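*Asks:* So that we are looking at the same thing, I have put the structure below in structure tokens.
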Amino acid sequence: MEALKLELKNKIITTLNLEDIAIEDIADNDPLFGDGLGLDSIDALELIVILDKDYGIKLVDPKEGKVIFQSIESMAAYISANRTK
Amino acid sequence: MKKKTYINGVGCISTQKTFDTVFLEEAAYNQNDTVLSIIKPDYKDFISPASSRRMAKGVKNGIVASALAMKDANTENVDMIISGTGMGCIEDSEKFLKNILDNNEEFLTPTSFIQSTHNTVGAQIALTLQCKGYNFTYVNGAISFESALLDAKMQIEEDEANTVLVGGIDENADYTLSLFKLAGFIKKEQDQPFNLLTETSPGVVYGEGASFFILENEKKENTYAEILDVEIINTLEENEVETQIVSFLKANQLQISDVDAVVLGFNGDATFDGYYKNLAENTFAQTPQLYYKHLSGEYNTASAFALWMASKIIKTQEIPEIVKVNQVEKPVYKTILLYNQYNGKNHSFTLLSK
Chain A
1 MEALKLELKN
11 KIITTLNLED
21 IAIEDIADND
31 PLFGDGLGLD
41 SIDALELIVI
51 LDKDYGIKLV
61 DPKEGKVIFQ
71 SIESMAAYIS
81 ANRTK
Chain B
1 MKKKTYINGV
11 GCISTQKTFD
21 TVFLEEAAYN
31 QNDTVLSIIK
41 PDYKDFISPA
51 SSRRMAKGVK
61 NGIVASALAM
71 KDANTENVDM
81 IISGTGMGCI
91 EDSEKFLKNI
101 LDNNEEFLTP
111 TSFIQSTHNT
121 VGAQIALTLQ
131 CKGYNFTYVN
141 GAISFESALL
151 DAKMQIEEDE
161 ANTVLVGGID
171 ENADYTLSLF
181 KLAGFIKKEQ
191 DQPFNLLTET
201 SPGVVYGEGA
211 SFFILENEKK
221 ENTYAEILDV
231 EIINTLEENE
241 VETQIVSFLK
251 ANQLQISDVD
261 AVVLGFNGDA
271 TFDGYYKNLA
281 ENTFAQTPQL
291 YYKHLSGEYN
301 TASAFALWMA
311 SKIIKTQEIP
321 EIVKVNQVEK
331 PVYKTILLYN
341 QYNGKNHSFT
351 LLSK
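Quick note, the sequences are listed as chains A and B, same order.
Under UniProt numbering, the first residue of the first sequence is numbered 1, with each subsequent residue one higher.
Under UniProt numbering, the first residue of the second sequence is numbered 1, with each subsequent residue one higher.
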């Protein structure tokens, strides 16, 4: 699980071009959107693609995203339970 | 009565240090590289990291060049934004297309696609300035910038706008450059060192850049020059250019001897530089001749760099040694003619006056 969290932090920084942010700046429970990392709706689409492309998870209900993408912790938990690759 | 068009602010990001300098005093002639890259400004001084993280360099350069032009003109608002670009945001277009191929048309992310359209620069500047006015991007090869300039001039003449931000932007991207090399558009490395005025090989040294201008209908203390006229012609034979220039000047009540300096678009392509050589050796033999693509590189909107250079010359009344083709001098540089073409097509004539 710890390795997956680290992998996710790396992917988020690279894919979303978060130039000024390092892995250690993202705590596992920091909110990804709003006051935390400050991601926006375009970033949400990028995260959906990461789930699909890298872990074989297709989000059918967009409302699920709100819960899954709350933090690195919630993303890692969801991926661990549902990944197909 | 038609209103006059004045250049009241300029901003340029190029393969030379054209920001935080006076006028090309740090310019250097790179004769060894086939592709020149821009000297990057500190983007963080102009764009927040949160906004810039999705922007390719062309977009960032456009925003910085436009901000420099607005600061130079001491203005915070414009009525219209008009841009010209030959290749658009080609870096993000490449990313998007590569994603399609690599992922077998699946897993397409939105960012590169959003940023890949040709009008991204104009749109991002408008968002930054909160300018909801006329916003147009011309994509017409080597006359993309002149098309934008002509539109801006007509908007001011017809009193549709008081202040227009107009510019030309192009960026290099790896895959496109590799195709240009394959097609022979770019010079071969073994032909270096390059001397653009005496080249015997085909192809050009490629470059990139962004130049923006604030055009207004009012002459001010900080005015650089008046844009007297802009003309675009798709096809001309070498022996037709002089006649065209004479007629262009005549339409502005001028003749060849009234031109105090001519800026020629020599790009070192032996196949088409005859257009300029004919003028340099005959028509304008007694006129100060200038060139610039040895500094800026060739790209579809390189002529915007020429306008930046000519504006500076009229304002400062000084011509940097590095841009001189000949040693003819004039006591005053009042009227400057710019002529550009690419591959014998897309000819443009721009006339500036003090």
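Glycine is no exception: its CB is placed at the ideal position from the N, C-alpha and C atoms.
Computed from a predicted model, the values in this text were never measured in an experiment.
Out of B:Gly133, B:Ser201 and B:Thr223, which one is the CA nearest neighbour of Ile81 of chain B?
*Replies:* Here residue 81 of chain B is taken as the residue at index 81 of the second sequence, counted from 1. It is B:Gly133.
*Asks:* Judging by CA-CA distance, which residue of B:Thr137, B:Thr271, B:Glu240 and B:Thr109 is the nearest neighbour of Thr120 of chain B?
*Replies:* Position 120 of the second sequence, counted from the start, is the residue given in the question as residue 120 of chain B. Checking every option, the nearest Cα to that of Thr120 of chain B belongs to B:Thr137.
*Asks:* Does chain A have any CB closer than 8 angstroms to the CB of Phe107 of chain B?
*Replies:* Taking the second sequence and counting its residues from 1, the one referred to as residue 107 of chain B is at position 107. Judged by the 8 angstroms Cβ criterion, Phe107 of chain B is in contact with chain A.
*Asks:* Go ahead and pull the three-state DSSP assignment for Asn8 of chain B.
*Replies:* Within the second sequence, the letter at position 8 stands for residue 8 of chain B. In this structure, Asn8 of chain B counts as strand in the three-state DSSP scheme.
*Asks:* Terminal residues of the continuous beta strand (DSSP E) containing Val78 of chain B?
*Replies:* As a first step, residue 78 of chain B is located in the second sequence; it is residue number 78 there, counting from the start. Neither: Val78 of chain B is in no beta strand (DSSP E) and is coded neither H nor E.
*Asks:* Between the beta-carbon of Val10 of chain B and the beta-carbon of Tyr224 of chain B, is there less than 8 angstroms?
*Replies:* Stepping through the second sequence from its first residue, residue 10 of chain B is reached at position 10. Stepping through the second sequence from its first residue, residue 224 of chain B is reached at position 224. It is a contact, given that the beta carbons lie within the stated cut-off.
*Asks:* Of all Cβ atoms in chain A, is any one closer than 8 angstroms to the Cβ of residue 359 of chain B?
*Replies:* Given a span of 1 to 354 for chain B in the structure shown, any question on residue 359 of chain B remains unanswerable.
*Asks:* Starting from the C-beta of Lys3 of chain B, find all residues in its chain whose C-beta is less than 7 angstroms away, skip the five residues before and the five after it, and write them out in chain order.
*Replies:* Translated into positions along the second sequence, residue 3 of chain B becomes position 3. Result list for Lys3 of chain B: Ile156, Glu157, Asp159 and Asn217, in chain order.
*Asks:* Closer than 8 angstroms, CB to CB, is Lys53 of chain A near chain B or not?
*Replies:* Against the first sequence, residue 53 of chain A aligns to sequence position 53. Taking Cβ atoms only, chain B reaches closer than 8 angstroms to Lys53 of chain A, which makes this a yes.
*Asks:* Find the nearest neighbour of Gln130 of chain B within the set B:Asp79, B:Phe113 and B:Tyr299, judged by alpha-carbon distance.
*Replies:* Walking along the second sequence from the start, residue 130 of chain B turns up at place 130. Measuring from the Cα of Gln130 of chain B, the nearest candidate turns out to be B:Asp79.
*Asks:* For a contact meaning CB atoms closer than 7 angstroms, what does Asn17 of chain A contact in chain B?
*Replies:* In the first sequence, the residue the question calls residue 17 of chain A occupies position 17. Correct list: Arg53 and Arg54.
*Asks:* What's the gap between the Cα of Tyr333 of chain B and the Cα of Ser353 of chain B?
*Replies:* Here residue 333 of chain B is taken as the residue at index 333 of the second sequence, counted from 1. Here residue 353 of chain B is taken as the residue at index 353 of the second sequence, counted from 1. Taking the straight line joining both Cα atoms gives about 9 angstroms.
*Asks:* Can you list, in chain order, the stretches of the beta strand (DSSP E) that have 3 or more residues and sit fully within the stretch 187–270 of chain B?
*Replies:* Here the runs fully enclosed are 209–216, 225–235 and 261–264.
*Asks:* Residues of the stretch 27–42 of chain A in Cβ contact with chain B at a cutoff of 8 angstroms, in chain order, please.
*Replies:* Against chain B - using a Cβ distance shorter than 8 angstroms - the residues of the stretch 27–42 of chain A are Gly38 and Ile42.
*Asks:* Anything in chain B within Cβ reach of Asp61 of chain A, meaning under 9 angstroms, just list it in chain order.
*Replies:* Taking the first sequence and counting its residues from 1, one reaches residue 61 of chain A at position 61. Within chain B, no residue comes near Asp61 of chain A; the closest Cβ sits about 19 angstroms away, beyond 9 angstroms.
*Asks:* Any beta-carbon of chain A closer than 8 angstroms to the one on Ala50 of chain B?
*Replies:* Sequence index remark: in the second sequence, residue 50 of chain B carries index 50 (1-based). Ala50 of chain B counts as touching chain A.
*Asks:* In the DSSP assignment, what residue or residues form a beta bridge with Asp170 of chain B?
*Replies:* Against the second sequence, residue 170 of chain B aligns to sequence position 170. For Asp170 of chain B, which the question treats as bridged, DSSP gives the partners B:Gly209.
*Asks:* Quick one: does Pro193 of chain B have its CB under 8 angstroms from some CB of chain A?
*Replies:* Taking the second sequence and counting its residues from 1, one reaches residue 193 of chain B at position 193. So no, Pro193 of chain B is outside the interface.
*Asks:* Below 8 angstroms between beta carbons: does that hold for Ala65 of chain B and Gly167 of chain B?
*Replies:* In the second sequence, counting from the first residue as 1, residue 65 of chain B sits at position 65. In the second sequence, counting from the first residue as 1, residue 167 of chain B sits at position 167. For Ala65 of chain B and Gly167 of chain B, yes; Cβs fall inside 8 angstroms.
*Asks:* If the cut is a Cβ gap below 8 angstroms, which residues of chain A does Asn103 of chain B touch?
*Replies:* Looking up residue 103 of chain B in the second sequence gives position 103. Residues of chain A passing the Cβ test: Lys53.
*Asks:* With a CB to CB cut of under 7 angstroms and the five nearest residues on each side skipped, what residues in its chain are close to Pro41 of chain B?
*Replies:* The residue labelled residue 41 of chain B in the question sits at position 41 within the second sequence. Taken in chain order, the residues that qualify are Ile13, Phe19 and Val64.
*Asks:* Output the boundary residues of the alpha helix (DSSP H) element that contains Ser51 of chain B.
*Replies:* Here residue 51 of chain B is taken as the residue at index 51 of the second sequence, counted from 1. Element bounds for Ser51 of chain B: Pro49 to Ser52.
*Asks:* What residue range is occupied by the uninterrupted alpha helix (DSSP H) comprising Ser348 of chain B?
*Replies:* The residue labelled residue 348 of chain B in the question sits at position 348 within the second sequence. Here Ser348 of chain B belongs to no alpha helix (DSSP H); instead the beta strand (DSSP E) covers Lys345 to Ser353.
*Asks:* Since Leu45 of chain A meets chain B, which of its residues come closer than 9 angstroms, beta carbon to beta carbon?
*Replies:* Numbered from its first residue, the first sequence carries residue 45 of chain A at position 45. Under the 9 angstroms cutoff, chain B gives Thr109, Pro110 and Thr111.
*Asks:* With C-beta atoms as the reference, is Thr84 of chain A less than 8 angstroms away from Ile50 of chain A?
*Replies:* Residue mapping note: residue 84 of chain A aligns to position 84 of the first sequence, counting from 1. Residue mapping note: residue 50 of chain A aligns to position 50 of the first sequence, counting from 1. Not a contact, by the Cβ cut-off of 8 angstroms.
*Asks:* Check the C-beta distance from Asp273 of chain B over to Phe266 of chain B and give it rounded, since I have them as a contact under 8 angstroms.
*Replies:* Here residue 273 of chain B is taken as the residue at index 273 of the second sequence, counted from 1. Here residue 266 of chain B is taken as the residue at index 266 of the second sequence, counted from 1. Correct: roughly 6 angstroms between the Cβ atoms.
*Asks:* Are the C-beta atoms of Asp25 of chain A and some chain B residue less than 8 angstroms apart?
*Replies:* Start at 1 with the first residue of the first sequence, and residue 25 of chain A comes out as number 25. With 8 angstroms as the cut-off, Asp25 of chain A does not count as an interface residue toward chain B.
*Asks:* Looking at the structure shown, is Val139 of chain B part of a helix, part of a strand, or coil, going by DSSP?
*Replies:* Residue mapping note: residue 139 of chain B aligns to position 139 of the second sequence, counting from 1. Looking at Val139 of chain B - three-state DSSP - the assignment turns out to be coil, as it is neither helix nor strand.
*Asks:* Quick check on Val67 of chain A - is its C-beta less than 8 angstroms from some C-beta in chain B?
*Replies:* Locating residue 67 of chain A in the first sequence gives position 67, where the first residue counts as 1. By this cut-off, Val67 of chain A is not an interface position.
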